[in-house]
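Notes follow the structure.
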Amino acid sequence: MKIRFRYIAAFALACVTGSAFAHGGRAPAGHTLTWRGDVTTARAFVDDMAAAWRRSGHARVTLEPFNTISALDQLSHGQVDIAGTARGVAPRRAEEKSLQFTPVAWDALVIITNHRNPVRGLTLKQLHDIYFGKIRNWSQLGGPHRPINVYAVASPSDGVEFSLRRLLYGRGNQPVAAPRLYINVKSLEKAVELDPDGLGVSTLSGVHGNRKLKMLAISGVRPSTAHVANGSYPLYTPLYLVTRNDEHNPSAQAFIDFTASATGKRILRKHHLLPYADGTALAQGDDERMANIADAVGRVIHNGPTAAPRATYTSRTAIAPTSPLTRAARDRMLDKQAREAENRKAAKRSNAANAAATRKASDKQG
146 MKIRFRYIAA
156 FALACVTGSA
166 FAHGGRAPAG
176 HTLTWRGDVT
186 TARAFVDDMA
196 AAWRRSGHAR
206 VTLEPFNTIS
216 ALDQLSHGQV
226 DIAGTARGVA
236 PRRAEEKSLQ
246 FTPVAWDALV
256 IITNHRNPVR
266 GLTLKQLHDI
276 YFGKIRNWSQ
286 LGGPHRPINV
296 YAVASPSDGV
306 EFSLRRLLYG
316 RGNQPVAAPR
326 LYINVKSLEK
336 AVELDPDGLG
346 VSTLSGVHGN
356 RKLKMLAISG
366 VRPSTAHVAN
376 GSYPLYTPLY
386 LVTRNDEHNP
396 SAQAFIDFTA
406 SATGKRILRK
416 HHLLPYADGT
426 ALAQGDDERM
436 ANIADAVGRV
446 IHNGPTAAPR
456 ATYTSRTAIA
466 PTSPLTRAAR
476 DRMLDKQARE
486 AENRKAAKRS
496 NAANAAATRK
506 ASDKQG
């Protein structure tokens with residue numbers, strides 16, 4: 146299936162210069178912040194947050210909504226001030242090691258289909274098997290005898306796609322059976338609006354109120370802010386603002402702080418988001434949630450002596466990258482890696498010594 150690329154033009158939002166939010170000082174005249182990120186975070190809260198930032202008299206913000214990878218790569222190269230994404234750090238991407246992911250809000254990952262589709266909900270196991278290619282027809286889900294047309298964003302590192310696959314399969318880069326690929330979640334939604342047999346993933350903040358789409362219940366629970374807050378809806382993810390670790394940018398930090406203000410929280414709730422600080426229990430219970438999902442889909446979690454430190458760190462980084470528990474998990478992972486490296490070196494020295502001794506004994510016998 147041919148990939149459809151529908152580029153979203155970047156646009157500038159003019160703001161006036163005023164006192165800095167965090168410290169009460171004056172922002173430099175004409176100073177601007179440039180934000181680039183995925184469509185999910187742009188429409189979830191960044192658009193309105195930038196407008197409120199402007200009304201508060203802060204520095205101008207230029208908004209460039211596109212997709213996750215382009216945003217994070219440009220940030221890592223110093224081309225933008227802030228990035229936005231619906232996933233945490235991907236530990237294997239070198240470009241993201243210098244970045245600081247700050248969780249701002251909780252959003253529900255929602256499975257969408259066309260509003261004319263009679264199917265109302267899925268189990269976690271059914272959802273797992275659809276993306277795995279084991280369930281291919283709506284009749285297997287109580288619907289009509291028609292193929293399930295699975296849509297996805299082309300990049301597996303896209304925020305929404307990555308977060309869903311991490312939950313279902315334990316890793317965000319899991320390949321899935323989705324032949325219909327799009328440049329971002331907005332173009333995916335437009336395609337599902339036109340296809341009675343379509344299915345894809347979006348977010349509650351993105352599609353709430355869209356009458357052309359139906360959000361499917363998961364294991365009997367409909368997606369809502371309340372069901373995210375109490376943990377009964379299993380597919381939720383933080384939305385992040387991202388900055389560079391090696392660069393002090395007071396204006397960028399002030400904008401991030403603004404999202405946690407009373408004004409910022411009102412904007413988040415307006416878009417059916419749960420402010421991150423209001424959902425600390427979700428972060429603390431993420432290991433249990435991951436275990437419950439794995440059990441529901443029949444996936445074995447490999448938490449042996451070697452796998453456990455990396456698995457724990459990867460999970461905590463994806464959900465709460467700045468927490469002390471995440472830093473502690475990282476230290477344990479690095480300590481484990483150092484011990485394993487030293488053990489490999491010792492084994493190599495031992496093998497070399499044994500080989501030398503064998504050759505010496507052979508020479509004597511000769």
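The number in my numbering is simply the position in the sequence shown, starting from 1, with 145 added. Each residue gets a CB set at the ideal place from its N, CA and C atoms; glycine is no exception. Treat the numbers as computed from the prediction; the structure is a model and nothing was measured.
Checklist entry - Quick one: what's got a C-beta closer than 6 Å to residue 443's C-beta in the same chain, skipping five residues either side? => result Spatial neighbours of residue 443 in its own chain (CB-CB distance under 6 Å, excluding positions within 5 residues in sequence) are not present.
Checklist entry - Roughly how many angstroms separate the alpha carbons of residue 352 and residue 358, rounded to a whole number? => result Their Cα atoms are separated by approximately 7 Å.
Checklist entry - Thinking just about the alpha-carbon of each residue, which of 178, 256, 269 is nearest to the one in residue 306? => result The residue among 178, 256, 269 with its C-alpha nearest the C-alpha of residue 306 is 256.
Next on the checklist: Would you call the region 380-397 in contact with the region 257-264, where contact means no fewer than 3 C-beta pairs closer than 8 Å?
Outcome noted: Between the region 380-397 and the region 257-264, the count of C-beta pairs closer than 8 Å stays below three; the two stretches do not touch.
Checklist entry - Which residues does DSSP pair with residue 343 in a beta bridge? => result Paired residues: 294.
Item to check | Residue ranges of each beta strand (DSSP E) within the region 253-301, 3 or longer | outcome: Listed in chain order, they are 294-298.
Next on the checklist: When you compare the region 408-420 with the region 184-198, are there three or more beta-carbon pairs, one atom per stretch, that lie closer than 8 Å?
Outcome noted: Look at the beta carbons and you see the region 408-420 touching the region 184-198: at least three pairs across the two are nearer than 8 Å.
Checklist entry - Going by Cα to Cα distance, which pick from 419, 295, 299 is closest to residue 273? => result Per the Cα distances, 295.
Checklist entry - To which residues does DSSP link residue 352 through a beta bridge? => result The partner list for residue 352 (beta bridge, DSSP) is empty, contrary to what the question assumes.
Next on the checklist: For residue 271, count the other beta carbons within 10 Å of its own beta carbon; 16 or more makes it buried, fewer makes it exposed. Which is it?
Outcome noted: When all chains shown are included, residue 271 counts as buried.
Checklist entry - Which whole-angstrom value describes the C-beta separation of residue 178 and residue 206, a residue pair presumed to lie in contact below a C-beta threshold of 8 Å? => result So it is a contact: roughly 5 Å between Cβ atoms.
Checklist entry - For residue 251, which beta-bridge partners are listed by DSSP? => result Paired residues: 383, 419.
Checklist entry - What separation, rounded to the nearest whole angstrom, lies between the Cα atoms of residue 291 and residue 366? => result It is roughly 25 Å from the alpha-carbon of residue 291 to the alpha-carbon of residue 366.
Item to check | Rounded C-alpha distance that separates residue 339 from residue 433 | outcome: Between the alpha carbons of residue 339 and residue 433 lies a distance of about 38 Å.
Next on the checklist: Rounded to the nearest angstrom, what separates residue 187 and residue 285 at their Cα positions?
Outcome noted: If you draw a straight line from the Cα of residue 187 to the Cα of residue 285, it comes to about 36 Å.
Item to check | Under the three-state DSSP convention, the category residue 359 falls into | outcome: Note: residue 359 maps to strand in three-state DSSP.
Checklist entry - Going by other Cβ atoms of all chains shown within 10 Å of its Cβ, with 16 needed for buried, is residue 226 buried or exposed? => result With 16 or more Cβ atoms within 10 Å of its Cβ, residue 226 is classed as buried.
Checklist entry - Residue range of the alpha helix (DSSP H) that residue 310 falls in? => result In the DSSP annotation of this structure, the continuous segment of the alpha helix (DSSP H) that includes residue 310 starts and ends at 304-314.
Checklist entry - residue 397 to residue 283, Cα distance in whole Å? => result Taking the straight line joining both Cα atoms gives about 47 Å.
Item to check | Straight-line Cα distance separating residue 229 from residue 297 | outcome: Rounded to the nearest angstrom, the two C-alpha atoms are 19 Å apart.
Item to check | Classification of residue 331 by the beta-carbon crowding that lies within 10 angstroms, buried from 16 upward | outcome: Label assigned to residue 331: buried.
Item to check | Cβ contact check for the region 213-223 and the region 370-385: 3 or more pairs under 8 Å | outcome: Cβ pair count under 8 Å is below three, so no.
Item to check | Start and end residues, beta strand (DSSP E) containing residue 206 | outcome: Its beta strand (DSSP E) spans residues 205-211.
Checklist entry - Does the Cβ of residue 287 have 16 or more other Cβ atoms within 10 Å, making it buried, or fewer, making it exposed? => result Exposed: under 16 other Cβ atoms inside 10 Å.
Checklist entry - Based on Cα-Cα distance, which residue from 246, 239, 201 lies nearest to residue 386? => result Closest by alpha carbon: 246.
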